[in-house]
Amino acid sequence: MIDQQERARVGVSIRQATKSYGPFRALDDVSLDVAQGEFVSILGPSGSGKTTLLGILGGFVQPSAGSIWLGNRDITFEPPHKREIGIVFQNYALFPHMSVGENITFPLRARRLPKATWPDRLASALEMVELTGYENRKIHELSGGQRQRVALARAMIFEPGLILMDEPLSALDKQLRENMQIELKRLHKRLGSTIIYVTHDQREALTMSDRVAIMNRGKLVQVDTPERLHDHPANTFVARFIGEATLLPVQRESDSVVRLGQQALKTAHPMPAGSNLHLVVHSEKLVVADGSEPEASNRLSGTVTDTLYQGESIRVFVKLDDGGEMSFRLPSNHAGRALMKSPGEAITLALHPEDTVIVPEAG
Amino acid sequence: MLLAPALLVVVVLLVLPLLWLAWQSVRQDGGFTLAHYERFLTDPVYWMTFLQTFRIAAIVTAMTVLLGYPVAYVAAGLSQRWSIVVLTMVLLPFWTSVLVRAYAWLILLQRNGIINSALTGSGLIDAPLKLVNNEFGTVMATIHILLPFMVLPLYATMKKIPGELTMAGASLGGSPLHVFLRVFLPLSLPGMIAGMVLVFVLTLGFYITPELLGGGRTYMVSMLVSRNIEVYNEWGAASSISVVLMVCVFLIFRLVSLLIPFERIMGTR
Ligand SMILES: Nc1ncnc2c1ncn2[C@@H]1O[C@H](COP(=O)(O)OP(=O)(O)O)[C@@H](O)[C@H]1O
Ligand SMILES: [Mg+2]
Chain F
1 MIDQQERARV
11 GVSIRQATKS
21 YGPFRALDDV
31 SLDVAQGEFV
41 SILGPSGSGK
51 TTLLGILGGF
61 VQPSAGSIWL
71 GNRDITFEPP
81 HKREIGIVFQ
91 NYALFPHMSV
101 GENITFPLRA
111 RRLPKATWPD
121 RLASALEMVE
131 LTGYENRKIH
141 ELSGGQRQRV
151 ALARAMIFEP
161 GLILMDEPLS
171 ALDKQLRENM
181 QIELKRLHKR
191 LGSTIIYVTH
201 DQREALTMSD
211 RVAIMNRGKL
221 VQVDTPERLH
231 DHPANTFVAR
241 FIGEATLLPV
251 QRESDSVVRL
261 GQQALKTAHP
271 MPAGSNLHLV
281 VHSEKLVVAD
291 GSEPEASNRL
301 SGTVTDTLYQ
311 GESIRVFVKL
321 DDGGEMSFRL
331 PSNHAGRALM
341 KSPGEAITLA
351 LHPEDTVIVP
361 EAG
Chain A
1001 MLLAPALLVV
1011 VVLLVLPLLW
1021 LAWQSVRQDG
1031 GFTLAHYERF
1041 LTDPVYWMTF
1051 LQTFRIAAIV
1061 TAMTVLLGYP
1071 VAYVAAGLSQ
1081 RWSIVVLTMV
1091 LLPFWTSVLV
1101 RAYAWLILLQ
1111 RNGIINSALT
1121 GSGLIDAPLK
1131 LVNNEFGTVM
1141 ATIHILLPFM
1151 VLPLYATMKK
1161 IPGELTMAGA
1171 SLGGSPLHVF
1181 LRVFLPLSLP
1191 GMIAGMVLVF
1201 VLTLGFYITP
1211 ELLGGGRTYM
1221 VSMLVSRNIE
1231 VYNEWGAASS
1241 ISVVLMVCVF
1251 LIFRLVSLLI
1261 PFERIMGTR
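The listed protein sequences derive, respectively, from chains F and A.
Here the first sequence is numbered in our numbering, starting from 1 and rising by one per residue.
Here the second sequence is numbered in our numbering, starting from 1001 and rising by one per residue.
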């Protein structure tokens, strides 16, 4: 077991890690530093290399190039059982021939810790995941959510500085998943371990993480806070992956202006390099131009094509005069209804330069 | 209703002969008798033959576990393509008859056979080793013939152990040996027991290998049956031996299924 001092320092550093399978690169020059105590999600579509990255951290996949550091320890060539990393596998990987208690104390037995110390640690581990009294249950007697928590307790009982989770909630139904998200966050706050959390659910990543690392085809596309990922995606891939955005191709006019058809749009943000640019429009950033919007706002005119009542809001679809379609939301209250237009009517929308986000095409 | 033809086959080919066997074993000179069964208590040849048969079966079973487990383990860890290659090699001996394989072992093991010639020729030993016409030769050939029955159920069980379990064991701090002993071995146990039951029971009824390679010193139950018929024309005695052996086999199955549910041994669960 690692000593307290080292645990306090445990951050993770992945340095230029590459994993090739023949000519194919499952992981392509990935570098990522995770601070001690940080909760970082790895988010990406299926096949983007998330599990491979976790495998390299856990020691099950040997990187073709690059190195892995845990605190100030180079663990690139350390076998998995010496790494002191807790892992919650996608299907929990509980030992079916052992009881809940035997599963959770496996790390203690593996480390030959005196048996007298087990009961206390088991009890507090069970309490932590709210399974007190379950130690003699068989694994097949547990529900999905309970198995998930056993896996969690087992990965935490040896107090690893780093915990890896590979889509740990993907097998649970929606309600349970949301409860577990909250519980995981709570546990993370209490234990202060570093957590690297793999998911393909962007909502989960955004709500749980300090930072999110977006992966695509073996590369890290952007590593940022949820807010910055949403508001300032690095390119079209991130913009399409996060949130409910419409992307419209635009032409560069100057360092702060682009052209959408005939319409010039100002942006308050640095203009990305390259010529293949897109405007990212999130529906919540658009407002109906009724004169009350700031003078500096960009304006987009078009025709309403459809409206969709969605309870708390009304989604309005607009075909722009300069080509392209987008949608925005009106609150379903009196003020919102006053601004409503029917299909076929002309409408002008306002987009603040602060909300005018221009991204380059994903390379 | 669809089962009727199958049921008919089982009754005609299996149940009726067995009943006839049991009937034979309690008949003598047209009357009822337990004389054939009394011999099990009075004639030392009988119970010593049973003892030797069970001992050989135990040795063969233990050896096939020791030899078969690593083969199955390696095959289960390989990629699909290579595991097929290994399993084909395991199954290859099935392509020749048991008789041919037994004679092949005779050629290998006999006094001036290939192994002894090689050993004496290279000066490693002075006199030829006694490798055949004894229990050693019998056991050797039986192991060779029955090894696939151990490897296949083991392989099937091991293939079903998720790789994530051993990965989890390692990540939790278990050394490769610890993970093997605590996780992999217990989970492969059903396959091992299935293989052990198969090999043990098949060895109990083996005839060709002790007959050809035992040199008259290795006397197994099947030989006792055949002697009673061929030499003494004692159908009643032969039948009673078969019945006792069958009861033994039945008890073994019963005992094992008490320890481990039958479905788990057969890998359906
Ligand atoms: N052992 C392997 N041999 C060949 N290709 C592999 C191997 N493992 C993973 N890959 C490939 O690497 C890519 C990334 O896989 P993975 O890391 O599992 O993706 P994710 O977890 O993001 O879905 C996939 O295209 C996958 O097919
Ligand atoms: Mg995966």
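Beta carbons: idealized from backbone N, C-alpha and C, even for Gly.
Inter-residue spacing [alpha-carbon to alpha-carbon] between residue 1199 of chain A and residue 1148 of chain A: Residue 1199 of chain A sits at position 199 when you count from the first residue of the second sequence. Residue 1148 of chain A sits at position 148 when you count from the first residue of the second sequence. Taking the straight line from one Cα to the other gives about 9 Å.
Any chain F beta carbon closer than 8 Å to residue 1038 of chain A: For the purposes of this step, residue 1038 of chain A is identified with residue 38 of the second sequence, where counting begins at 1. Among the residues facing chain F, residue 1038 of chain A is not included, as its CB has no counterpart in that chain under 8 Å away.
is_contact[residue 58 of chain F, chain A] using C-beta, thresh 8 Å: Position 58 of the first sequence, counted from the first residue, corresponds to residue 58 of chain F. At least one chain A Cβ lies under 8 Å of residue 58 of chain F.
Cα-Cα separation, residue 1091 of chain A to residue 1151 of chain A: Working through the second sequence from its first residue, we reach residue 1091 of chain A at position 91. Working through the second sequence from its first residue, we reach residue 1151 of chain A at position 151. Roughly 9 Å between the two C-alpha positions.
Chain A within 8 Å of residue 95 of chain F, Cβ atoms only: Numbered from its first residue, the first sequence carries residue 95 of chain F at position 95. Interface residue, yes.
Alpha-carbon spacing of residue 63 of chain F relative to residue 195 of chain F, whole angstroms: Mapped onto the first sequence, residue 63 of chain F falls at position 63. Mapped onto the first sequence, residue 195 of chain F falls at position 195. The alpha-carbon atoms of residue 63 of chain F and residue 195 of chain F are separated by roughly 21 Å.
Short CB-CB distance (under 8 Å) between residue 107 of chain F and chain A: Taking the first sequence and counting its residues from 1, one reaches residue 107 of chain F at position 107. Taking 8 Å as the threshold, the shortest C-beta distance from residue 107 of chain F to chain A falls below it.
Residue 1162 of chain A: contacting residues in chain F (beta-carbon distance under 8 Å): The residue you call residue 1162 of chain A lines up with position 162 of the second sequence. Within chain F, the residues near residue 1162 of chain A are 91 and 93.
Residue 303 of chain F - partner residues in DSSP beta bridges: Counted from its first residue, the first sequence places residue 303 of chain F at position 303. The secondary-structure analysis by DSSP pairs residue 303 of chain F across a beta bridge with F:319 and F:346.
Proximity to residue 1098 of chain A [Cα-Cα], best of A:1107, A:1125 and A:1209: To locate residue 1098 of chain A, count along the second sequence from 1; it is residue 98. Comparing C-alpha distances from residue 1098 of chain A to each of A:1107, A:1125 and A:1209 shows the shortest one belongs to A:1209.
Neighbouring residues, chain F, relative to residue 1167 of chain A (Cβ below 8 Å): Taking the first residue of the second sequence as position 1, residue 1167 of chain A is located at position 167. Residues of chain F passing the Cβ test: 58, 60, 80, 87, 89 and 93.
Nearest residue (CA-CA) to residue 302 of chain F, options F:55, F:311, F:295 and F:325: Taking the first sequence and counting its residues from 1, one reaches residue 302 of chain F at position 302. Checked all of F:55, F:311, F:295 and F:325; the closest Cα to residue 302 of chain F is F:325.
Residue-chain proximity (residue 149 of chain F, chain A), Cβ-Cβ < 8 Å: Position 149 of the first sequence holds residue 149 of chain F. Output row for residue 149 of chain F: interface = no.
Pocket of ligand 1 (residues with CB nearer than 5 Å to any heavy atom), chain order: Listed by chain position, these are F:21, F:26, F:46, F:47, F:48, F:49, F:50, F:51 and F:52.
Proximity test, residue 166 of chain F beta-carbon vs ligand 2 heavy atom, cut-off 7 Å: Counting from one through the first sequence, the residue named residue 166 of chain F turns up at place 166. Residue 166 of chain F Cβ: within cutoff of ligand 2.
N-terminal and C-terminal residue of the alpha helix (DSSP H) that residue 23 of chain F is part of: Within the first sequence, the letter at position 23 stands for residue 23 of chain F. In this chain, residue 23 of chain F is not harboured by any alpha helix (DSSP H), its DSSP state being neither H nor E.
Candidates A:1236, A:1189 and A:1120: closest to residue 1259 of chain A by CA position: Counting from 1 along the second sequence, the entry for residue 1259 of chain A is found at position 259. The residue with the shortest Cα to Cα distance from residue 1259 of chain A is A:1189.
Contact with chain D by residue 154 of chain F, beta-carbon distance below 8 Å: Although the question refers to chain D, the structure presented lacks it and instead comprises the protein chains F and A.
7 Å CB neighbourhood of residue 1025 of chain A in its chain, flanking five on each side removed: In the second sequence, counting from the first residue as 1, residue 1025 of chain A sits at position 25. Closer than 7 Å at Cβ, skipping near neighbours: 1036, 1236, 1239, 1240 and 1243.
Within chain A, the residues that residue 241 of chain F reaches when beta carbons sit closer than 9 Å: The count along the first sequence starts at 1 and reaches residue 241 of chain F at position 241. Result: empty, since nearest Cβ-Cβ is about 27 Å, beyond 9 Å.
Inter-residue spacing [alpha-carbon to alpha-carbon] between residue 289 of chain F and residue 300 of chain F: As a working note, residue 289 of chain F is residue 289 in the first sequence. As a working note, residue 300 of chain F is residue 300 in the first sequence. About 9 Å.
Through-space distance from residue 1205 of chain A to residue 1060 of chain A, alpha-carbon basis: For the purposes of this step, residue 1060 of chain A is taken as residue 60 along the second sequence, with counting starting at 1. For the purposes of this step, residue 1205 of chain A is taken as residue 205 along the second sequence, with counting starting at 1. Residue 1205 of chain A has its alpha-carbon roughly 13 Å from the corresponding atom of residue 1060 of chain A.
Collapsed DSSP secondary structure at residue 263 of chain F in the structure displayed: The count along the first sequence starts at 1 and reaches residue 263 of chain F at position 263. Here residue 263 of chain F sits in strand by DSSP.
Residue 239 of chain F to residue 245 of chain F span [Cα, whole Å]: The residue you call residue 239 of chain F lines up with position 239 of the first sequence. The residue you call residue 245 of chain F lines up with position 245 of the first sequence. Spanning the two alpha carbons is a distance of roughly 7 Å.
Integer Cβ distance of residue 1195 of chain A from residue 1153 of chain A, believed to fall under 8 Å: For the purposes of this step, residue 1195 of chain A is taken as the residue at position 195 of the second sequence. For the purposes of this step, residue 1153 of chain A is taken as the residue at position 153 of the second sequence. Contact flag correct, Cβ pair sits at about 5 Å.
Short CB-CB distance (under 8 Å) between residue 24 of chain F and chain A: As a first step, residue 24 of chain F must be located in the first sequence, where it is residue number 24. It does not; no Cβ of chain A falls within 8 Å.
Coil, strand or helix - residue 332 of chain F by DSSP: For the purposes of this step, residue 332 of chain F is taken as residue 332 along the first sequence, with counting starting at 1. Coil, per DSSP.
Unbroken beta strand (DSSP E) run spanning residue 195 of chain F, endpoints: For the purposes of this step, residue 195 of chain F is identified with residue 195 of the first sequence, where counting begins at 1. Looking at the DSSP string, the run of the beta strand (DSSP E) that includes residue 195 of chain F is 194-199.
Residues that residue 110 of chain F contacts on chain A, provided the C-beta gap is smaller than 7 Å: As a working note, residue 110 of chain F is residue 110 in the first sequence. For residue 110 of chain F, the residues of chain A that pass the 7 Å Cβ criterion are 1172, 1173, 1174 and 1178, in the order they occur in the chain.
Closer than 8 Å to chain A by CB, residue 158 of chain F: Within the first sequence, numbered from 1, the residue matching residue 158 of chain F stands at position 158. Closer than 8 Å to some Cβ of chain A, the Cβ of residue 158 of chain F qualifies, so yes.
Close-in-space but distant-in-sequence residues of the same chain around residue 1106 of chain A (CB under 8 Å, 5 per side omitted): To locate residue 1106 of chain A, count along the second sequence from 1; it is residue 106. So the list reads 1113, 1132, 1137, 1212 and 1213, once near-sequence residues are dropped.
Residues near residue 192 of chain F by beta carbon distance below 7 Å, same chain, minus five either side: Residue mapping note: residue 192 of chain F aligns to position 192 of the first sequence, counting from 1. Around residue 192 of chain F: 37.
Neighbourhood of residue 225 of chain F by C-beta distance below 6 Å, restricted to the same chain and skipping five residues each side: Start at 1 with the first residue of the first sequence, and residue 225 of chain F comes out as number 225. Result list for residue 225 of chain F: 211, in chain order.
One or two residues paired with residue 1216 of chain A in a DSSP bridge: Here residue 1216 of chain A is taken as the residue at index 216 of the second sequence, counted from 1. BP columns for residue 1216 of chain A are empty, so no partner.
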